[in-house]
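With the first letter of the sequence shown counted as 1, position 111 gets the number 124 in the UniProt record's numbering; the numbers rise by one all the way through.
Beta carbons are placed, not taken as given, at the ideal position from N, Cα and C, and that holds for glycine.
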Amino acid sequence: THRCAKALQLTLAVIKPDAVAHPVILEALHQRILENNFIIVRSKDLVWRRQDSEKFYSEHAGRFFYQRLVEFMSSGPMRAYVLAREDAITHWRELMGPTKVFRARYTSPLTIRAQYGLTDTRNTTHGSDSVESAQREISFFFPDFSQETWMEREELGFR
Ligand code: RTP
Ligand code: MG
Numbered sequence: 014t015h016r017c018a019k020a021l022q023l024t025l026a027v028i029k030p031d032a033v034a035h036p037v038i039l040e041a042l043h044q045r046i047l048e049n050n051f052i053i054v055r056s057k058d059l060v061w062r063r064q065d066s067e068k069f070y071s072e073h074a075g076r077f078f079y080q081r082l083v084e085f086m087s088s089g090p091m092r093a094y095v096l097a098r099e100d101a102i103t104h105w106r107e108l109m110g111p112t113k114v115f116r117a118r119y120t121s122p123l124t125i126r127a128q129y130g131l132t133d134t135r136n137t138t139h140g141s142d143s144v145e146s147a148q149r150e151i152s153f154f155f156p157d158f159s160q161e162t163w164m165e166r167e168e169l170g171f172r
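Structure representation (structure tokens):
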């Protein structure tokens, strides 16, 4: 069992096609997850159809970057993780850094997007931004994974 002073929280992290395309970057990002004391609860490699991409990013429909975002995210393999630790959502987003890579490079050069991001769209990683979106996004990527059951078992120390 994982002993933890604060309650564990789950988040969804995705390594986007630009980073998965480069094995060295993919491996560096995997190491970054482990170094930062996340528990890898689930992980899988997958490729989206265009309709998966459209659905996942439907909140951005109509934005100027929507078409290229949808196209990019269905352009090749991704790796998705369910990650757990205390404050997992905030910690993963802090590691990723700002969405826009040139802002990231200027304000937080040690973040993932600063180091590996190519453009504001091809920005290497995704992370859920709230408890509600984490729940929704984990179900989207891992429909067979019961978050409730996992959290209950974790609390009871079954793992
Ligand atoms: P995410 O949802 O991926 O965690 O990123 P975020 O909250 O930091 O950024 P958001 O504004 O929700 O945008 C979602 C994704 O759309 C792409 N994007 N491209 N100007 C652009 O070309 C642009 N702006 C956003 C990025 O891939 C971003 O992660
Ligand atoms: Mg977002």
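Which of helix, strand or coil does DSSP assign to residue i?
{"i": "Y70", "result": "coil"}
{"i": "S146", "result": "helix"}
{"i": "D58", "result": "strand"}
Is the closest heavy atom of the ligand RTP to the C-beta of residue i under 8 Å?
{"i": "K113", "result": "yes"}
{"i": "residue 214", "result": "In this structure the chain extends from 14 to 172, so residue 214 is not present and cannot be described."}
{"i": "L96", "result": "no"}
{"i": "F77", "result": "yes"}
{"i": "H139", "result": "yes"}
{"i": "H104", "result": "no"}
{"i": "R81", "result": "yes"}
Do residue i and the ligand MG come close, with the Cβ less than 8 Å from some heavy atom?
{"i": "D100", "result": "no"}
{"i": "D31", "result": "no"}
{"i": "D65", "result": "no"}
Any chance the CB of residue i is under 8 Å from a heavy atom of the ligand HEM?
{"i": "D58", "result": "Here the bound small molecules are the ligand RTP and the ligand MG; the ligand HEM is not part of this structure."}
**Prompt:** Touching or not, the region 41 to 49 and the region 64 to 73, by the rule of three or more beta carbon pairs under 8 Å?
**Reply:** no
**Asked** Which runs of the beta strand (DSSP E), 3 residues or longer, sit entirely within the UniProt domain "Nucleoside diphosphate kinase-like" (21 to 162)?
**Response** 22 to 28, 52 to 59, 91 to 98 and 138 to 140
**Message:** If contact is defined by three or more beta carbon pairs under 8 Å, each pair taking one atom from either stretch, is the region 52 to 62 in contact with the region 117 to 133?
**Reply:** no
**Prompt:** Taking three-plus beta-carbon pairs below 8 Å as touching, is the region 95 to 103 in contact with the region 113 to 120?
**Reply:** Cβ pair count under 8 Å is below three, so no.
**Message:** If contact is defined by three or more beta carbon pairs under 8 Å, each pair taking one atom from either stretch, is the region 62 to 71 in contact with the region 160 to 170?
**Reply:** no
**Request:** Would you be able to state if there are at least three C-beta pairs under 8 Å between the region 24 to 39 and the region 134 to 147?
**Result:** yes
**Request:** Kindly confirm or deny that the region 82 to 93 and the region 28 to 41 touch, where touching means at least three C-beta pairs closer than 8 Å.
**Result:** yes
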